Amino acid sequence: MTATVIKDAGERALLPPFTDEHEELRATIRRWVEAEIAPHVDEWDEAGEFPRSLYERAGELGFLGLKYPEELGGQGGDYVHDAVWAEEIAAAGAGGGVGAGLGAHTGIATPPVFRFGTPEQHERFLRPAIAGRKIGALGITEPGAGSDVAAIRTRAERHGDVHVVNGSKTFITNGARADFLVCACRTKPEGGHGGISFLILERDMPGYEVTRKLEKLGWRSSDTAELSFTDVVVPAENLLGPEHGGFYLIMANFQWERLLMALGAVGAMRNLLERTLAYAREREAFGRPIGRFQAIRHQLAEVGLKLETSRALAYHALREFVRPEAERRKAIAAGDWAHPAITAGLDEVTKAKLYTQRAAVDAADICLQIHGGYGYMREYGIERALRDLRLGPIGGGTDEIMREILGKRLGL
Amino acid sequence: MKICCLVKEVPDAAVQKRIDPNTMRLDRSGEKNLNPFDTHALEAAMQIRESGVVQVDEIVAVTMGPESAVRALHKAVALGADRSVHLTDPALEGSDVNATGYALAKVLESEQPDLVLLGQQSDDGECYTIGAVVADHLQVPSLTQVIKIDVAEGKLTCERQAEYGYDTVEVELPAVISVGDAINEPRYPSLKAIMGAKKKPLDTKSAADVGIDTSEVGIEGSKTRVLAINPPPAKEPGEVFEDEDTDETVNKIVAWLEERKLV
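Residue numbers (this note's numbering), protein chains in the order written: chain A, 1 to 412; chain B, 1 to 263.
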């Protein structure tokens, strides 16, 4: 049924942490993507946008609320169900753009609202987001602050009950059409980690402006925007999480974002391998299928190895990340940021993110090469995969930052 | 109205099918799935319920098969069935189509549905006949290859897809209707439905529970015997005309067709 299943023993063996139920969900997501997304991916890539109605459709089918409780309109699942979603939309051929647009909504914009939001914020933002009626975005990166989060300069000054926000954000996935932006702002003038807070900005607030929709190498069907804020008045009820405690919120979110990217890369590689194998069996040169030439066979073996290594790392990181989830929730509720559950899985997630993103670019490059001239043409979607996947070693923390984290974790 | 959907666990479409030379039966080891055609029957049942034309009190998924067939029932429940019945008994192993139809009819006798729906074929055996066999045992009308169902109190108007076109047939209930895959697009089961499937009632029944005469089922009770299994004869290789002189090639092709009285 799917490539997460080991078939050598006949009966399927499930790779932990996935169970039969997860495989059912996988099959459902796959069927949906194949029927309603994959046939349009190239057209949407060309147009630079996928239809907004896709959020509503995904919401209707429950995909936007897999890990959220039923009381909020969610499906009552957990992070592992969301992991299936991240991997399978990529594996079934939704492409990087659609994956990014839906993924930013489910994977990075709504989780902080769920984790840190008040019941009232859940009602105002999370419930409509789960239904696909409101689109969410996460705003951290600025023209002068990417991986260096402490350098954020967008200011939120407190005036009585409200914050007044001035500044700008860039590279914001879903930025142009987001109804709400979970936005990192500096709330203390002194620099460093201590003075960052999150505010939920809404698109119709005066002074909130989409300055530019950005043109990109890949992920073309997802909207990526530059935003500017001029004296945006944000009421107190839109403060998300503890005032000045936003840095922890960012850190808590980064882990999951990176893990989702690792799983997405695994899915993308499954898709690439499947398609390229089919091509290598079918395409003939010098009287035989090209897959029968050692040069091609060895390259495909390499792609298979990259996929399996990526999968092993990503699933391992997923297991390590989800294991202490109950404790993590308690620690967040108690504001105990030094609790080990907060950073559980940090090494594993960092390694998985670092390895898988480059592996996927390399795999796409090999697959394009095997497709020859057709691989370079638009109609096969292979060149799109390469363009889409090139974001991986940059977004969600660059490869360089991943190595820095790992180096420091070695005590250096 | 009560609807029973007959479902079957079959080898997954991705699994290479082979006949076990020892048992002369299909090797059903490996990955399995709910017969895709049966998902259309379940969807048809759900659409009858949702149409509101008649009140559907219950949709029950029924299968006969080994222990693993429970997974097919879970899938059927995730797609909308309210509960399921699993007929399983070593005595049933090796039953042919007729014996299977008899056994399923015995389960249905105890369920007393107004309507029985099933996929027109299974993805493994592909006999297309089980619906008719069940209906014969139940002594109720049967329609096959149905691609449209209009429901009214006590009867159905069905469109059948036949080789020559379409039949529109009115049938009184109770009836057994096997549906084609053109009838609908099965829904996507939600995660909630998938997770909830194991919590829905599942009755496990033995042959004795539903009053099956075990001399009528299993290998011994089956009236068909597989004597030998042979691969289909290989196709003769075609004749290739190399095109050196097009006029000559055309003449050769025309002569070839004329020789076989094809033009």
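By construction, the Cβ of each residue, glycine as well, lies at the ideal position given by its N, Cα and C atoms. Since the structure is predicted, the reported quantities are computational estimates derived from the model, not experimental observations.
| query | result |
| --- | --- |
| 9 Å Cβ cut-off: residues of chain B touching Gly103(A) | In chain order: nothing, as chain B lies at least about 17 Å away. |
| Own chain partners of Ser222(B) with C-beta closer than 8 Å, once the 5 adjacent residues on each side are dropped | Gly94, Ser95, Asp96, Asn98, Ala99 |
| Those residues which DSSP pairs with His316(A) across a bridge | Its beta-bridge partners do not exist; DSSP assigns none. |
| Chain-ordered neighbours of Met46(B) on chain A, where CB pairs are closer than 7 Å | Chain A residues near Met46(B): none, gap ~15 Å exceeds 7 Å. |
| Unbroken beta strand (DSSP E) run spanning Ala175(B), endpoints | 175–179 |
| Chain B contact for Leu15(A) (CB, 7 Å cutoff) | no |
| Check whether Leu64(A) and Ile135(A) have beta carbons under 7 Å apart | no |
| Integer Cβ distance of Ile196(A) from Gly144(A), believed to fall under 8 Å | Incorrect: roughly 15 Å between the Cβ atoms, too far for contact. |
| Short CB-CB distance (under 7 Å) between Val7(B) and chain A | no |
| Interface residues of chain B facing Gly107(A) [CB-CB closer than 8 Å] | By Cβ distance, chain B contributes nothing, its closest Cβ being about 16 Å from Gly107(A), past 8 Å. |
| Residue environment, His298(A), which counts as buried when at least 16 other CB atoms sit within 10 Å | exposed |
| Where Arg71(B) meets chain A, residues with beta-carbon distance less than 8 Å | Asp20 |
| Near-chain A residues of the stretch 178–200 of chain B (beta-carbon distance less than 7 Å), N- to C-terminal order | Tyr188, Pro189, Ser190, Leu191, Lys192, Ile194, Met195 |
| Separation of Gly132(A) from Glu60(A), as counted between CA atoms | 7 Å |
| Nearest candidate by alpha-carbon position, reference Met1(B), set Lys205(B), Val140(B), Val53(B) | Val53(B) |
| Below-7 Å beta-carbon distance, Lys17(B) vs any chain A residue | no |
| Stretch pair the stretch 81–92 of chain A + the stretch 16–32 of chain A: three plus CB contacts closer than 8 Å | yes |
| Buried versus exposed call for Gln225(B) [16 or more other C-beta atoms within 10 Å across all chains shown] | Looking at the sequence itself, residue 225(B) is Arg, so the reference to Gln does not match. With fewer than 16 other Cβ atoms within 10 Å, it is exposed. |
| Validate contact between the stretch 67–81 of chain B and the stretch 208–222 of chain B using beta carbons, cut 8 Å, 3 pairs | no |
| Beta-carbon proximity of Val266(A) to Glu87(A), cut-off 7 Å | yes |
| Given Ala182(B) as reference, the closest of Gln161(B), Val169(B), Glu248(B) once Cα atoms are compared | Gln161(B) |
| Enclosing beta strand (DSSP E) for Tyr263(A) [first to last residue] | The displayed chain sequence assigns Leu, not Tyr, to residue 263(A). From DSSP, Leu263(A) is part of no beta strand (DSSP E) but of the alpha helix (DSSP H) over 246–282. |
| Interface flag, Glu215(A) vs chain B, CB-CB below 7 Å | no |
| Closer than 7 Å to chain B by CB, Gln299(A) | no |
| Buried or exposed (CB count within 10 angstroms, at least 16 for buried), Glu23(A) | buried |
| Nearest neighbour of Met24(B), chosen from Val15(B), Tyr166(B), Pro231(B) [CA to CA] | Pro231(B) |
| Euclidean distance between Cα positions of Tyr188(B) and Arg26(A) | 11 Å |
| Member of Gly241(A), Arg270(A), Thr211(A), Asn253(A) whose CA lies at the smallest distance from the CA of Leu307(A) | Arg270(A) |
| Whether Ala150(A) touches His193(A) by CB criterion (7 Å) | yes |
| Cβ distance (whole Å) where Ala175(B) is taken to contact Val146(B) below 8 Å | The Cβ separation is near 10 Å, so there is no contact. |
| Burial state of Trp256(B) (16 or more Cβ within 10 Å) | exposed |
| Test: Glu36(A) CB closer than 7 Å to a CB of chain B | no |
| Member of Phe171(A), Glu226(A), Asn166(A) whose CA lies at the smallest distance from the CA of Gly207(A) | Asn166(A) |
| Listed by chain order, chain A residues near Ala41(B) by CB distance under 9 Å | Within 9 Å Cβ-Cβ: nothing; Ala41(B) doesn't reach chain A, min ~17 Å. |
| Start and end residues, beta strand (DSSP E) containing Ser84(B) | 83–87 |
| Cβ contact (3+ pairs, closer than 8 Å) linking the stretch 222–233 of chain A and the stretch 276–290 of chain A | no |
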